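Please read the structure below before turning to the comments.
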Amino acid sequence: MPEAGGAPSPEAPGGPPRIEAVEPIERAEVIVCSPGRNFVTLRLTTRSGITGLGDATLNGRELAVAAYLRDHVAPTLIGRDATRIEDTWQYLYRGGYWRRGPVTMTAIAAVDTALWDILGKRAGLPVHELLGGRSRDGVTVYGHANGEDVAELLDQVATYLERGYRAVRAQVGVPGLRSTYGVSRDKLFYEPADAAIPTENLWSTERYLRAIPAALGAVRERFGFEFALLHDVHHRLSPIEAARLGRSLEACDLFWMEDPVPAELQEGYRLIRQHTTTPIATGEVLTSIWDCRTLIEEQLIDYIRTSVVHAGGITHQRRIAAFADTYRVRTGSHGATDLSPVCLAAALHLDIAIPNFGIQEYMRHSEETDAVFPHSYRFADGMLQPGADPGLGVTIDDGLAARFPYRPASLPVNRRLDGSMHDW
Ligand code: KDG
Ligand code: MG
């Protein structure tokens, strides 16, 4: 392992003398592939040949992040010291006049995650050991049971419980709507980004609010209360509608009701809180600690669902978790299939190390995705284990990735029955 240099670098550009790089970055490559769905991956390689991977996938906006990384970030990384993880984060965030937002924060996340991967490989340790080591035996995950109707949903919940899951998210088709968020034809995998031009779905709040309490009630009636039950509203309700739903689900003893209102409507959570004790989770579309501040400080939520890939990487996600911990808010990291195995591995290293982990979403990746991204994490007894490989424990098979070129795919949009736009 190279020694830390103490001599000022002769090429310091104008400013104060710089310390020589311990592990200079020599290459930054952006790899776009589509093994079952689109993924953007950043690979950094150091002068001594260590590689690190970072997920940079933003569903439906993949090429925007790829261009941001290639055109604006990669050139600034060459020669930079790979061991300066915090400084690089500050350079990319504070150094950027135009801050935050999903594209920027996803690009920063990719660099940060790749640097943690490099650090782990350099040290010969899995990333969670660098983050303070295990706080728990494993990472409890929830799977996605869903059905076109209640009967199919019950079959799917049974399948997840038989597979050993201790936590299940339940989504059901709404009668009279031709498709509903979270309900897929292929039960184990779900990919809403299904067409280059967004598919138009139909939405009815009234029908949804009538269908859900009955469906979740049927799940509890059939399977009892010895597992965690979750439900994702997917940003669709007004605060008072969400309050009503939360109250009507109290007897179901939900682990959480997710994203009851659109993310930008944070004041709405105050009203929801006044009316229901159903725990609330949100955050998958939030990209920084500043976006979560009110929700956490006012204890308007119980679980913060920001992810490594969309909220600035391991460094920033760890900061959000630490801030949340001071208010006894726990984490529930987003883990849909559009978050690549590189992101899932990074999330698992963090989940296992932090004190206030709550639960991890685990939507299985397709076989093609798993083949392109061989990984050391494993599922057993309702938990994922990050594995003991140095770094993140994920690689990318370049040859195979090249056989799955990018395909344009957008997330759907929603219209109400009268034709007006609604949140998807
Ligand atoms: O890209 C959008 C998906 O990640 C999102 O719709 C999935 O809400 C989601 C969840 O909870 O997994
Ligand atoms: Mg969600």
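If you're matching positions, the sequence shown starts at 1 in this note's numbering and goes up one per residue.
C-beta: ideal position from N, C-alpha, C; glycine also.
As the structure is a computational prediction, the values presented were derived from the model and not from experiment.
Query raised in the report: Near ligand 2, which residues have their beta-carbon less than 6 Å from any of its heavy atoms, given in chain order?
Result: 232, 234, 258, 259, 284
Requested in this report: Answer yes or no: the CB of residue 105 versus the heavy atoms of ligand 1, is any distance below 7 Å?
Outcome: As a first step, residue 105 is located in the sequence shown; it is residue number 105 there, counting from the start. Flag unset: Cβ of residue 105 not near ligand 1.
Query - As assigned by DSSP and simplified to three states, the class of residue 26 - result: Sequence index remark: in the sequence shown, residue 26 carries index 26 (1-based). The answer is strand: DSSP assigns residue 26 an E or B state.
Report task. Can you give me the start and stop residues for the alpha helix (DSSP H) that residue 250 sits inside? Result -> As a working mapping, residue 250 is identified with position 250 in the sequence shown. No alpha helix (DSSP H) holds residue 250; DSSP gives it neither H nor E.
Requested in this report: Measure how close the beta-carbons of residue 361 and residue 142 come, nearest whole angstrom, since I'm counting them as under 8 Å.
Outcome: In the sequence shown, counting from the first residue as 1, residue 361 sits at position 361. In the sequence shown, counting from the first residue as 1, residue 142 sits at position 142. Contact flag correct, Cβ pair sits at about 6 Å.
Query raised in the report: Quick check: the region 189 to 197 against the region 208 to 215, are there 3 or more CB pairs under 8 Å?
Result: no
Query - Residue range of the alpha helix (DSSP H) that includes residue 206 - result: Against the sequence shown, residue 206 aligns to sequence position 206. Taken as a continuous stretch (DSSP letters only), the alpha helix (DSSP H) holding residue 206 covers 205 to 223.
Query raised in the report: Do you know how far the Cα of residue 171 is from the Cα of residue 178?
Result: Translated into positions along the sequence shown, residue 178 becomes position 178. Translated into positions along the sequence shown, residue 171 becomes position 171. Their Cα atoms are separated by approximately 15 Å.
Query raised in the report: Can you tell me whether residue 72 is buried or exposed, with buried defined as 16 or more other CB within 10 angstroms of its CB?
Result: Against the sequence shown, residue 72 aligns to sequence position 72. Exposed.
**Report entry** residue 258 classed as buried or exposed, judged by whether at least 16 other C-beta atoms fall within 10 angstroms
**Finding:** The residue labelled residue 258 in the question sits at position 258 within the sequence shown. Buried is the call here.
Query raised in the report: Where does residue 289 land, buried or exposed, given buried means 16+ other C-beta within 10 angstroms?
Result: Taking the sequence shown and counting its residues from 1, one reaches residue 289 at position 289. By the 10 Å Cβ count, residue 289 comes out buried.
Requested in this report: Kindly indicate which residue of 50, 381, 252 has the alpha-carbon position closest to the one of residue 218.
Outcome: Counting from one through the sequence shown, the residue named residue 218 turns up at place 218. Ranking 50, 381, 252 by Cα distance to residue 218 puts 252 first.
Report task. Tell me whether residue 144 sits in a helix, a strand or coil according to DSSP, three-state version. Result -> Indexing the sequence shown from 1 puts residue 144 at position 144. Strand.
**Report entry** residue 301 and residue 311 closer than 8 Å at C-beta
**Finding:** Along the sequence shown, one-based indexing puts residue 301 at 301. Along the sequence shown, one-based indexing puts residue 311 at 311. No. Outside cutoff.
Requested in this report: Please name the residue in 201, 261, 400, 112 whose C-alpha comes closest to that of residue 368.
Outcome: Within the sequence shown, residue 368 is the residue found at index 368, counting from 1. Considering only alpha carbons, the answer is 400.
Query raised in the report: Below 8 Å between beta carbons: does that hold for residue 74 and residue 110?
Result: Taking the sequence shown and counting its residues from 1, one reaches residue 74 at position 74. Taking the sequence shown and counting its residues from 1, one reaches residue 110 at position 110. No.
Requested in this report: In angstroms with no decimal places, state the Cα-to-Cα distance between residue 127 and residue 38.
Outcome: Mapped onto the sequence shown, residue 127 falls at position 127. Mapped onto the sequence shown, residue 38 falls at position 38. If you take the alpha carbons of residue 127 and residue 38, they lie about 26 Å apart.
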